[in-house]
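One structure is given here, and the rest of the page talks about it.
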Amino acid sequence: MEENKVLLVNVLVLAMEKSFYFICDDSSFNVDDLVIVETTRGIELGKVVESPIEHEVKENEEYPHVIKKGDPSDYKLYEINIEKSKEAVSFVQEESNKLNLDMKIISAEYMLDGTKIIIYYLADNRVDFRELLKVLANELKCRIELRQIGTRDKAKMIGGIGICGLKLCCATFLNEFDGISITMAKNQMLALNIPKLSGHCGKLICCLKFENDTYTELQKDLPRVGSKVKYNDEIFKITSMNVITKIIRLENKDNILSVPYEEIKDCILPKDYIFAPNQQFKHQHGPRPMKKEGKKDAKN
1 MEENKVLLVN VLVLAMEKSF YFICDDSSFN VDDLVIVETT RGIELGKVVE SPIEHEVKEN
61 EEYPHVIKKG DPSDYKLYEI NIEKSKEAVS FVQEESNKLN LDMKIISAEY MLDGTKIIIY
121 YLADNRVDFR ELLKVLANEL KCRIELRQIG TRDKAKMIGG IGICGLKLCC ATFLNEFDGI
181 SITMAKNQML ALNIPKLSGH CGKLICCLKF ENDTYTELQK DLPRVGSKVK YNDEIFKITS
241 MNVITKIIRL ENKDNILSVP YEEIKDCILP KDYIFAPNQQ FKHQHGPRPM KKEGKKDAKN
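Sequence positions in the sequence shown follow my numbering and run 1 to 300.
Below is the structure:
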């Protein structure tokens, strides 16, 4: 093999439930083989999900290494560590309560070799856990990493089912959290019902971002909501639209219509068009037309 080429094997890291590419020494790794790998967190157990492939390493491109093949005893150790981690969560929460620390322990993970444990916790403010670390070090007898996480990280770690009926995106394929804003919901013309737009974490659902760019692009060719249209010799205001089907909702004092964009694209009026009193938008809120004055008594 050429000097700048390596063999990469795709490995599902069991504790993280995510797959990564690792450098391996030979092509003898088969799908479903257990392997021991070194991640940024420590020594972990994984399962091969794709046979080794030859890859040309680019500049500044780095990959972690497969340490060796695993066996059933390694998987047994992995299962034991899961149970130990559950016990650690209860123990750490109990000790933090004794020290009156305002923190909630979410989960813990032992590395495969047992030399390190990562403890994840939620806290509104910064926590001084120096005394807690002393207690934990004496009891757990390994390297301890306390990692503060947010509510979105909690949902990612615990998992669950989203409003779509599928597993949470953050717990399956999202590696990073992007900024989500209510503007994205407005852009997609969704009802601004915050509880329905919120995920398990209490934040706006990540899928608002998935289609936002598509909606933005599609809207470039469509008129803005609020635009005036002359259609069938009547003046209407555009009150909403479906950017996917390009069906436009028109309203005026007397009618509400849903028409294809193609039928009205040449009927859009200038921005400065002003409704006449008898053309008021059906649900328009604003100054009402001036009342007519009563008739004066005629003089003889």
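In this text, a Cβ means the ideal position worked out from N, Cα and C, and glycines have one as well.
So, is the C-beta of residue i closer than 8 Å to a C-beta in chain B?
i, result
"I235", "Although the question refers to chain B, the structure presented lacks it and comprises just one protein chain."
Express the C-alpha separation of residue j and residue i in angstroms, rounding to a whole number.
i, j, result
"D297", "I248", "Only weak support is given to the placement of D297: the predicted model assigns it a pLDDT of 45, under 50, and the question is left unresolved by the model."
"G114", "M189", "51 Å"
"P52", "N175", "23 Å"
"M103", "E95", "11 Å"
"V243", "F20", "38 Å"
"T245", "Y261", "9 Å"
"E87", "I23", "34 Å"
"Y215", "I105", "40 Å"
"C201", "E251", "39 Å"
"G70", "C170", "29 Å"
"G294", "I264", "Because the pLDDT of G294 is 43, which lies under 50, any placement of that residue in the model is unreliable, and the question is left without a value."
"L197", "K154", "18 Å"
"V135", "Q93", "12 Å"
"D128", "M157", "24 Å"
"E56", "S90", "47 Å"
"D233", "L192", "34 Å"
"L168", "C267", "44 Å"
"D74", "Y63", "23 Å"
"K116", "P223", "59 Å"
"I238", "G159", "41 Å"
Does residue i pass the burial test, meaning 16 or more other C-beta atoms within 10 Å, or should it be called exposed?
i, result
"I256", "exposed"
"A137", "exposed"
"S227", "buried"
"H65", "exposed"
"K5", "exposed"
"A108", "buried"
"G165", "exposed"
"V48", "buried"
"V11", "buried"
"I161", "exposed"
"I180", "buried"
"E61", "exposed"
In this structure, how does DSSP classify residue i when only helix, strand and coil are distinguished?
i, result
"C24", "strand"
"S181", "coil"
"P72", "helix"
"A108", "strand"
"I194", "helix"
"Y63", "coil"
"R152", "helix"
"K84", "helix"
"K203", "coil"
"K167", "strand"
"V127", "coil"
"L77", "helix"
"K134", "helix"
"E176", "coil"
Give me whichever residues DSSP pairs with residue i in a beta bridge.
i, result
"Q311", "Limits of the chain in this structure are 1 at one end and 300 at the other, which puts residue 311 out of reach."
"S96", "According to DSSP, which records beta bridges pairwise, S96 is partnered with nothing at all."
"S258", "R249"
"E145", "I118"
"I158", "DSSP, once it has assigned bridges, lists no residue as partnering I158."
"I264", "I264 pairs with nothing; no bridge assigned."
- request: Could you pull out every unbroken alpha helix (DSSP H) segment of at least 4 residues lying fully inside the region 210-246, listed in chain order?
  value: 212-219
Complete alpha helix (DSSP H) runs within the region 6-61 (minimum length 4 residues, chain order): none
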